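Residue numbers (the numbering used here), protein chains in the order written: chain P, -1 to 260; chain A, 7 to 343.
Just so it is clear, CB atoms sit at the ideal spot from N, CA and C, and this is done for glycine as well.
Treat the numbers as computed from the prediction; the structure is a model and nothing was measured.
Working notes for the structure below.
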């Protein structure tokens, strides 16, 4: 039982972390982009500014909070797009004639060899640097991984005995999916979602760190790290905190994934 | 089996070349604004048109694509719109720096992963097992660009042991070759070797974390598999010495999954190299390509990105073939399941 309690606790912790992150869109104490404390630039933690002020006179706690929200929001968007694309390709493979359907995994095996960062660069040439381009790049870049995992899950559950039993008992497709397939598929599906979400967070912040997000002031954790790299020796905390938040987010996501495998 | 798989990979490489070159050419042609006009201080329309004509940019799309493919295959990669230098020369300068960084990091990372996982299994110390398990978790949760910055703060700023960035200390005489470590070893120059390794240390440690975590993660599960205990007992009963058991049999048995995992993650390692180069101002291909994309340097984007994509595919395919060779079933002609 303690293990189950611990797993539930981890799930709640992850949910609380995500909720806190998303509240960064509106609940920050100060405007994260407004340079309203220029006379206090690079000041350390103080009453009212718990994480101090950054080099351009912005409340650093507000930027971190908003950055965490943007990182989580962008990664969630990338995850949604990624799963939509991967499921569409999987559906395409199933509906195409077998000769053509066999080409789909072949093309995916080529796709998987191209690193996400280079897919991002190619898309940036097309679309120009922006937060939306990064979301698209990360979603598209991870489609082969999601497709392969979903394909394995589908093949595993399609031929399972309980599915055959449900069909033999006269269950409709909707009934079989809702009562037989989905309850068994759910833990693996959510574990996969968490893994892809964590990969998206890492890759999005990496691309933003490279300066590919376009707006240099955009509060995203990777972009914040890049903005404060210049103050690395002057005020290392400005670099330390965004990284620690990223690590905390990834740790929460990965710890939460143990719930699915309990 | 191996010959057939090699032929399949070569056919796929040709397909990758056609698809990647087509998409890149399409992307470069869809660049918003005129990159030629952007390069000129006072863009005179006549001059811009003349230059576009000269560079062959006024021809139909498919004709230009044909020229691009022929030029790429004949190594006629044009000149950078930013520096005016030959793209081939620039890539010849930046590419060895990236390759040196990636290869040394791979070597160090795999060694760290192997040593940690094997010692945890061999010595059976709980503390070492925890370290081994944590290494896998750290690799998944710590962004390497942040780790690089922390290494700079500790190793360069606080301790003063390592340089903040760059590939070489230019107060010293530059090595003759493009691969500094290799040049220093072959020429027997200890001073150059020390300077090169001094600059490599922090970027390599940063980039090595990922392969170390991967290797450790893969070996953790396999080295603690109960089946292995039976194998160890059988080999011991056969009268083999411990070093023979571990280095001749167990290490060989573990090499196939390690190669497979490393091979499928080589792309991520190349991506990590781009980030590491940015953190440590390492003059490699990653920084060069990112700058080219941001500056819309057409010929660098077309040729540099195509080269990197092809090389990524080749390295993944080579790792795939190496894993096949390392699999004892394949060597005996049995088709692996």
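C-beta neighbour in chain A for residue i, strict 9 Å
i: residue 257(P); result: With a pLDDT of only 46 at residue 257(P), under 50, the local geometry of the prediction cannot be trusted, and the value read off the model is given with reservation. Not an interface residue.
i: residue 244(P); result: yes
i: residue 231(P); result: yes
i: residue 133(P); result: no
i: residue 116(P); result: yes
i: residue 9(P); result: no
i: residue 207(P); result: yes
i: residue 76(P); result: no
i: residue 129(P); result: no
i: residue 221(P); result: no
i: residue 201(P); result: yes
i: residue 227(P); result: yes
Residue from the options with nearest C-alpha to residue i
i: residue 166(A); options: 133(A), 146(A), 205(A); result: 205(A)
i: residue 161(P); options: 182(P), 143(P), 141(P); result: 182(P)
i: residue 63(P); options: 44(P), 177(P), 48(P); result: 48(P)
i: residue 54(P); options: 45(P), 246(P), 113(P), 236(P); result: 236(P)
i: residue 24(P); options: 68(P), 75(P), 89(P), 104(P); result: 68(P)
i: residue 71(P); options: 38(P), 209(P), 203(P); result: 203(P)
i: residue 82(A); options: 88(A), 95(A), 89(A); result: 95(A)
i: residue 276(A); options: 249(A), 314(A), 251(A), 301(A); result: 314(A)
i: residue 228(A); options: 124(A), 28(A), 307(A), 193(A); result: 124(A)
i: residue 124(P); options: 322(A), 316(A), 307(A); result: 307(A)
i: residue 131(P); options: 107(P), 76(P), 90(P); result: 76(P)
i: residue 279(A); options: 312(A), 103(A), 28(A); result: 103(A)
i: residue 84(A); options: 106(A), 61(A), 237(A); result: 61(A)
Secondary structure of residue i, DSSP reduced to three states
i: residue 77(A); result: helix
i: residue 44(P); result: strand
i: residue 211(P); result: coil
i: residue 135(A); result: helix
i: residue 92(A); result: strand
i: residue 85(A); result: strand
i: residue 37(P); result: helix
i: residue 57(P); result: strand
Proximal chain A residues relative to residue i, where beta-carbon distance stays under 9 Å
i: residue 204(P); result: 149, 150, 151, 277, 278, 280, 281
i: residue 252(P); result: 143, 146, 147
i: residue 59(P); result: Those do not exist, as residue 59(P) stays about 19 Å from chain A at its closest Cβ, beyond 9 Å.
i: residue 148(P); result: Going along chain A, no residue has its Cβ under 9 Å from residue 148(P), so there is no contact; the nearest lies around 17 Å.
i: residue 50(P); result: The contacting residues do not exist; residue 50(P) stays about 17 Å from chain A at best.
i: residue 241(P); result: 148, 149, 151, 152, 153, 155, 156
Residue i: contacting residues in chain A (beta-carbon distance under 7 Å)
i: residue 122(P); result: 299
i: residue 234(P); result: 159
i: residue 249(P); result: 147
i: residue 271(P); result: Nothing can be reported for residue 271(P): it is not among the residues displayed for chain P, which extend from -1 to 260.
Neighbour list for residue i in chain P, Cβ cutoff strictly below 8 Å
i: residue 36(A); result: 123, 124
i: residue 284(A); result: 207, 208
Residue-chain proximity (residue i, chain P), Cβ-Cβ < 9 Å
i: residue 163(A); result: yes
i: residue 212(A); result: no
i: residue 107(A); result: no
i: residue 29(A); result: yes
i: residue 98(A); result: no
i: residue 5(A); result: Because chain A is modelled from 7 through 343, residue 5(A) falls outside the range shown and cannot be assessed.
i: residue 61(A); result: no
i: residue 136(A); result: no
i: residue 319(A); result: yes
Residue i: contacting residues in chain P (beta-carbon distance under 7 Å)
i: residue 322(A); result: 111
i: residue 67(A); result: Correct list: empty, because the minimum Cβ distance to chain P is about 15 Å.
i: residue 33(A); result: 120, 123, 124
Can we say the region 133 to 141 of chain A touches the region 233 to 242 of chain A, given the rule of at least three CB pairs closer than 8 Å? Contact fails: fewer than three Cβ-Cβ distances are below 8 Å.
Can you confirm whether the region 167 to 179 of chain P touches the region 187 to 199 of chain P when touching is taken to mean that 3 or more C-beta pairs between the two stretches lie within less than 8 Å? no
Can we say the region 141 to 153 of chain P touches the region 74 to 84 of chain P, given the rule of at least three CB pairs closer than 8 Å? yes
If you pair each beta-carbon of the region 217 to 225 of chain A with each one of the region 112 to 124 of chain A, do three or more pairs fall below 8 Å? yes
Is the region 12 to 25 of chain A touching the region 318 to 331 of chain A in the sense that three or more CB pairs, one from each, lie closer than 8 Å? The answer is yes - the region 12 to 25 of chain A touches the region 318 to 331 of chain A, with three or more Cβ pairs under 8 Å.
Does the region 232 to 249 of chain P come into contact with the region 174 to 190 of chain P, if we say contact requires no fewer than three beta-carbon pairs (one atom in each stretch) closer than 8 Å? no
Meets three-Cβ-pair contact criterion under 8 Å: the region 281 to 292 of chain A and the region 147 to 155 of chain A: yes
Answer yes if the region 75 to 91 of chain A comes into contact with the region 181 to 196 of chain A, meaning at least three C-beta pairs across the two stretches below 8 Å, and no otherwise. no
With contact counted as at least three CB pairs below 8 Å, one residue from each stretch, are the region 134 to 141 of chain P and the region 103 to 121 of chain P in contact? yes
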